[in-house]
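These notes are about the structure you will find just below.
Protein chains: 2
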Amino acid sequence: MGALAHRPKLYEQVAERLGDAISAGTLRPGDRLPSVRQLSLRERVSISTVLQAYLHLESVGLIETRPQSGHYVRRRERPRLAEPLVSRPVAAATPVTVSALVSRVYRSAHDPRIVQLGAAWPAPELLPTRRLYRELNALTREAGDAGIVYDLPPGCPELRQQLARRSLDWGCALSSEDFITTCGASEAINLCLLAVARTGDTIVIESPAYYGTLQAIESLGLRALEIPSSPRSGMELDALQAALERRRVAAVLVVPSFSNPVGSCMPEENRKRLVAMLAERDVPLIEDDIYGDLHFGPERPRACKSFDTTGNVLLCGSFSKTLAPGFRVGYVAPGRFRERVELLKFSHSVATATLPQLTIARFLQEGGYDRHLRTLRRRLASQVERMVEAVAEHFPEGTRVARPSGNSLLWVELPPRVDALELHAKALDAGISIAPGPIFSARPDSYRHFFRLSCGHPWTPRIEGAVSTLGSLARSLA
Amino acid sequence: MGALAHRPKLYEQVAERLGDAISAGTLRPGDRLPSVRQLSLRERVSISTVLQAYLHLESVGLIETRPQSGHYVRRRERPRLAEPLVSRPVAAATPVTVSALVSRVYRSAHDPRIVQLGAAWPAPELLPTRRLYRELNALTREAGDAGIVYDLPPGCPELRQQLARRSLDWGCALSSEDFITTCGASEAINLCLLAVARTGDTIVIESPAYYGTLQAIESLGLRALEIPSSPRSGMELDALQAALERRRVAAVLVVPSFSNPVGSCMPEENRKRLVAMLAERDVPLIEDDIYGDLHFGPERPRACKSFDTTGNVLLCGSFSKTLAPGFRVGYVAPGRFRERVELLKFSHSVATATLPQLTIARFLQEGGYDRHLRTLRRRLASQVERMVEAVAEHFPEGTRVARPSGNSLLWVELPPRVDALELHAKALDAGISIAPGPIFSARPDSYRHFFRLSCGHPWTPRIEGAVSTLGSLARSLA
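Chains as they are written, first to last, in UniProt numbering: chain S, 1 to 478; chain F, 1 to 478.
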């Protein structure tokens, strides 16, 4: 709402105020909203503006219309599905072999005939495209040659300045000199892995883990050691500690905030303990904070980096999940590995594209980012909620889903007899993409009855239909 | 001339026609040009337009004014300097350790107080910035969301289509499916190294070699085996053959066209022999063709890839040296390693920035690229020529320079007593950056009395003065 336009339309403003009241709990599930006439008087807007606002709130799933009765805040019934249990990965470091499966998942990602429940990307209509383009066009008028020359490491000073400012929100107080900009968080993580590990070394990760990270570990000749993880609180630190006592590891890589695929969020006390445990052993922590801005609750989680007193934490992030995936702008604050990461950045891609960085720096400076994030978070929360309800309605008994408190992913555990690879194949035949569980482990026999659903797209009857089809397919396989 | 503006000014058109006549040899060194009045009549332009055209040609070093006599095509005296000999690197594969020196070189690269003779980049005023910006702005009006979403591997179809068309100029007939787009040629080369080699493997390279490539080899835990190379014809194939018989190598990496730093160009028969030699032994050839479009002679060299019948050649290139370094748009045609390189691209940076690729695709499609290249090549050739003359004039006896037939780099061999690292340090103190020889070898004790000069900037009295200062410093160290 209002994210795309520089100045939101009147009905969007009205809808946003109501949405805020719902988020804040001022209006609660089941509450009756003011009548159209009441609200029109109170807000001093026309009847049709109020109707538009209500229609909009209904379309994003925040309210519902009851015939002859009025508009109500939508009830969030506690869905009847249980959550998956803490994962129990095999306790040995293994080479990674997920690549072939992964390419099958992303190759259909831009096919408009496919209902996209596979890839973990925000729908473009949730992003402030027009404002970004406007900043970009202004830059080409004002920046002269600056937009075409190399922006050498550590990268765009204007962007690093804005990152330093934002790091206060993460509980850190980093300076622009602490950052190096990168081609998205993926490059940042690759550079960190190269900076801290040598071939054959072991990297500790959560289980399940993002397949891109698994592929990076594979391509660099490293080994992955998967640690049991809870769908609520992420990596189990007792299990980590036991693993660290048994073997030498080169680094621990975690996604503490709204991990991919499960959406877990590590509690603050765990973050603190994790940072201390690793600093004591001199094992670097690579923190993938790419989803940190997408919290559904009122507070952004503090980054692990905020507890780092020794430079042992390498914090990675990007704007690919909140502003513009195709701009390829990410960053890393590599702590004591700064010099090495900067040299690696130079030898790996020389520089990050200049204009996309300058554009995002301007966008951040103009102050539209926080407002955009508020809207984006509310919409993602609503989309996830709708997805949970739809899975509860359509999937066979025994299905479990994680309850993410941020991001836009849903980790679904099917009854044990249902093979997620079979479901993936049949779904693709039916024009629906999902991400099957085995791609989220270094061992392709893991998570055979799990899959990940993306809730990045606004809820539509087409998506509802796709979830219903998926449910039928799952039932037929059960 | 006319490279920046969509429609060149009148004087630029006149200057360009004369420049073409000089390049083609119709007007030869020492020839008198038509008088201002004659040319004004012949070209049907004003006297002041002709004067402007002559001034312009003089400023780029193509003609000279003799008082009371008129304008003449500038004589290219055969400079008195000899060329360096074929290199004689140590015949053992070594880990690479150049990184610390390299960062000292590039860290001053955007400092306007420093005369930039160190970095191998074209000056921004030689690039078609305004036209690129115009295409970019048109895209933001027309392309909608396409500019902000991920452009997943293999990358931008429009750009790959244009690359396929251009591959005819390289002697290849590649299809758009043969290409994967990348964040510059550097990323392409890193992906190729990862695709063909495992840690500890040996990569054969020319000697001297580009420091970025050496760093990439270092960061991936590979070893470099440097092969003797001629400043004229590049890698010595007999030496390569002997090396291949002695040891197992994972790949050969060459820059056959206008290599960095020496500017050598491998003859066509050598390219053919190289490709056959490696195909027979099943050793992949990574061909870095980043400078291929910058030939001074009339013909673009054929790519090694054009002799490839088995998919054994991985061809890498980019638009960083010809259009826009800061756009970070490169490509690879990985032959039989296509699938592996595509997966690596995904795990390493997910995608290449979308809008820069679309912008370059449009620029190529509109047909301005060849015209731009003609102008760029002529200017680079002229800048290199001026630099050779200035080195001949200012440097101590015993100095040698390579004679590049393309690109914009000059490899200078000082008398053996002069230490290039000392020269580099003293030059930086004097506000001049150069690239000292040792960074171009895996062994930092190599090329101690060599350095590389960049001729990427239009000739100015400031540059002339810097070369004179460098010469004095070299003499004082001799």
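Ideal Cβ positions, reconstructed from N, Cα and C, are used throughout, including at glycine. Since this is a predicted model, take the numbers as computed values, not measurements.
DSSP bridge partner residues for residue i (one or two, in chain order)
i: residue 436(S); result: 451(S)
i: residue 207(F); result: 228(F)
i: residue 387(F); result: Note: residue 387(F) sits in no beta bridge, so no partner.
i: residue 115(F); result: 432(F)
i: residue 295(S); result: 406(S)
i: residue 235(F); result: 229(F)
i: residue 82(F); result: 400(F)
i: residue 45(F); result: According to DSSP, which records beta bridges pairwise, residue 45(F) is partnered with nothing at all.
i: residue 411(S); result: 452(S)
i: residue 180(S); result: 332(S)
Contacts around residue i, its chain only, beta-carbon distance under 8 Å, and the 5 residues preceding and following it disregarded
i: residue 147(S); result: 139, 140, 354, 355 and 358
i: residue 247(F); result: 93, 202 and 225
i: residue 176(S); result: 157, 160, 161, 163 and 164
Whole-number beta carbon distance between residue j and residue i, since they are thought to touch under 8 Å
i: residue 336(S); j: residue 307(S); result: With a Cβ gap of about 15 Å, residue 336(S) and residue 307(S) do not count as contacting.
i: residue 440(F); j: residue 333(F); result: Their Cβ separation, rounded to whole angstroms, is 27 Å, which puts residue 440(F) and residue 333(F) out of contact at 8 Å.
i: residue 212(F); j: residue 347(S); result: 6 Å
i: residue 428(F); j: residue 260(F); result: Contact doesn't hold; Cβ gap of about 21 Å is too wide.
i: residue 296(S); j: residue 165(S); result: Going by Cβ atoms, the distance from residue 296(S) to residue 165(S) rounds to 24 Å, so no, they are not a contact pair.
i: residue 474(F); j: residue 81(F); result: Actually they do not touch by this definition, with Cβ atoms about 13 Å apart.
i: residue 194(F); j: residue 220(F); result: 7 Å
i: residue 118(F); j: residue 302(F); result: Not a contact, Cβ separation roughly 31 Å.
Chain-ordered neighbours of residue i on chain S, where CB pairs are closer than 9 Å
i: residue 147(F); result: 129, 132, 133, 136, 324, 326 and 327
i: residue 124(F); result: 144, 145, 146, 148 and 149
i: residue 103(F); result: 153, 339, 342, 343 and 346
Cutoff 6 Å; reference residue i; Cβ partners in own chain excluding five residues on either side
i: residue 167(S); result: 174
i: residue 1(S); result: Note on residue 1(S): pLDDT 36, under 50, position unreliable in the model; the coordinate value appears next. The answer, listed in chain order, is 12, 15, 16 and 375.
i: residue 188(F); result: 182, 316, 330 and 332
i: residue 135(S); result: 359, 362 and 363
i: residue 394(S); result: 467, 468 and 471
i: residue 267(F); result: 233
i: residue 56(S); result: 15
i: residue 27(S); result: 21 and 73
Chain F contact residues for residue i, given Cβ-Cβ distances below 8 Å
i: residue 151(S); result: 326
i: residue 407(S); result: In chain order: nothing, as chain F lies at least about 17 Å away.
i: residue 198(S); result: 199 and 221
i: residue 259(S); result: Chain F residues near residue 259(S): none, gap ~18 Å exceeds 8 Å.
i: residue 186(S); result: 347, 348, 349 and 350
Beta-carbon neighbours of residue i, restricted to chain S and to distances below 8 Å
i: residue 440(F); result: Residues of chain S passing the Cβ test: none, with the nearest at roughly 14 Å.
i: residue 142(F); result: Going along chain S, no residue has its Cβ under 8 Å from residue 142(F), so there is no contact; the nearest lies around 11 Å.
i: residue 171(F); result: Result: empty, since nearest Cβ-Cβ is about 27 Å, beyond 8 Å.
Neighbourhood of residue i by C-beta distance below 7 Å, restricted to the same chain and skipping five residues each side
i: residue 84(F); result: 231, 400, 402, 411 and 413
i: residue 228(F); result: 86, 87, 88, 89, 207, 236 and 239
i: residue 492(S); result: Not covered by the structure: residue 492(S). The range shown for chain S is 1 to 478.
i: residue 463(F); result: 115 and 457
i: residue 23(F); result: 378
i: residue 477(S); result: 418, 419, 422 and 423
i: residue 162(F); result: 361, 364 and 365
i: residue 69(F); result: none
Beta-carbon neighbours of residue i, restricted to chain F and to distances below 7 Å
i: residue 108(S); result: By Cβ distance, chain F contributes nothing, its closest Cβ being about 10 Å from residue 108(S), past 7 Å.
i: residue 194(S); result: 219
i: residue 190(S); result: 348
i: residue 121(S); result: 150
i: residue 354(S); result: 326
Amino acids of chain F, ordered along the chain, whose beta-carbon sits closer than 9 Å to that of residue i
i: residue 181(S); result: Residues of chain F passing the Cβ test: none, with the nearest at roughly 12 Å.
i: residue 456(S); result: Those within 9 Å of residue 456(S) in chain F number zero; the least Cβ separation is about 11 Å.
At least 3 beta-carbon pairs within less than 8 Å: the segment 287–300 of chain S vs the segment 418–433 of chain S: no
contact_flag[the segment 447–463 of chain F, the segment 121–131 of chain F] where n(CB pairs < 8 Å) is 3 or more: yes
The segment 201–220 of chain S: positions lying closer than 7 Å to chain C by Cβ: The chain inventory of the structure shown lacks chain C, comprising the protein chains S and F.
Segment contact flag, the segment 375–395 of chain S with the segment 56–66 of chain S, C-beta cutoff 8 Å, min 3 pairs: yes
contact_flag[the segment 243–258 of chain S, the segment 272–282 of chain S] where n(CB pairs < 8 Å) is 3 or more: yes
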